[in-house]
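Asks: Below you will find the structure I want to go over with you.
In our numbering, the protein residues as written are 182 to 275.
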């Protein structure tokens, strides 16, 4: 498995994420599968969760990994904002 790290920057946040890539070749055409690693590759309990398969090139897989990570980070930021609003609403009721 080819493992690579990307630093994802979104607004005022930055996150380091590890990804893995495997390939299967058929008739001179590669077919890549992209994974997200739960921890760094040297950690003993790191787990590779598949994200997408059937990607035709390594470059496209790396681009998809960045897009996936940015969307994930955006969702986390939005969730934090919603939780803060809920907490503020609860505090006003008390």
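For each residue, glycine too, the CB sits at the ideal point set by N, CA and C.
Per DSSP, what are the beta-bridge partners of residue 208 in this structure?
Replies: Start at 1 with the first residue of the chain shown, and residue 208 comes out as number 27. According to DSSP, which records beta bridges pairwise, residue 208 is partnered with nothing at all.
Asks: Do three or more CB pairs link the region 248-262 to the region 220-231 at distances below 8 Å?
Replies: Touching, no.
Asks: Between which two residues does the beta strand (DSSP E) holding residue 221 run?
Replies: Within the chain shown, residue 221 is the residue found at index 40, counting from 1. From DSSP, residue 221 is part of no beta strand (DSSP E); its letter is neither H nor E.
Asks: Assuming residue 232 contacts residue 218 (C-beta within less than 8 Å), just tell me the rounded distance between them.
Replies: For the purposes of this step, residue 232 is taken as the residue at position 51 of the chain shown. For the purposes of this step, residue 218 is taken as the residue at position 37 of the chain shown. 11 Å between Cβ atoms; not a contact.
Asks: Run through DSSP, which three-state label would residue 262 get?
Replies: In the chain shown, the residue the question calls residue 262 occupies position 81. Correct three-state label for residue 262: helix.
Asks: For residue 251, which residues from the same chain have a beta carbon less than 8 Å from its beta carbon, with the 5 sequence-adjacent residues on both sides left out?
Replies: The sequence position of residue 251 within the chain shown is 70, counting from 1. 189 and 191.
Asks: Could you tell me the alpha carbon to alpha carbon distance between residue 237 and residue 201, rounded to whole angstroms?
Replies: As a first step, residue 237 must be located in the chain shown, where it is residue number 56. As a first step, residue 201 must be located in the chain shown, where it is residue number 20. If I take the Cα positions, the gap works out to 15 Å.
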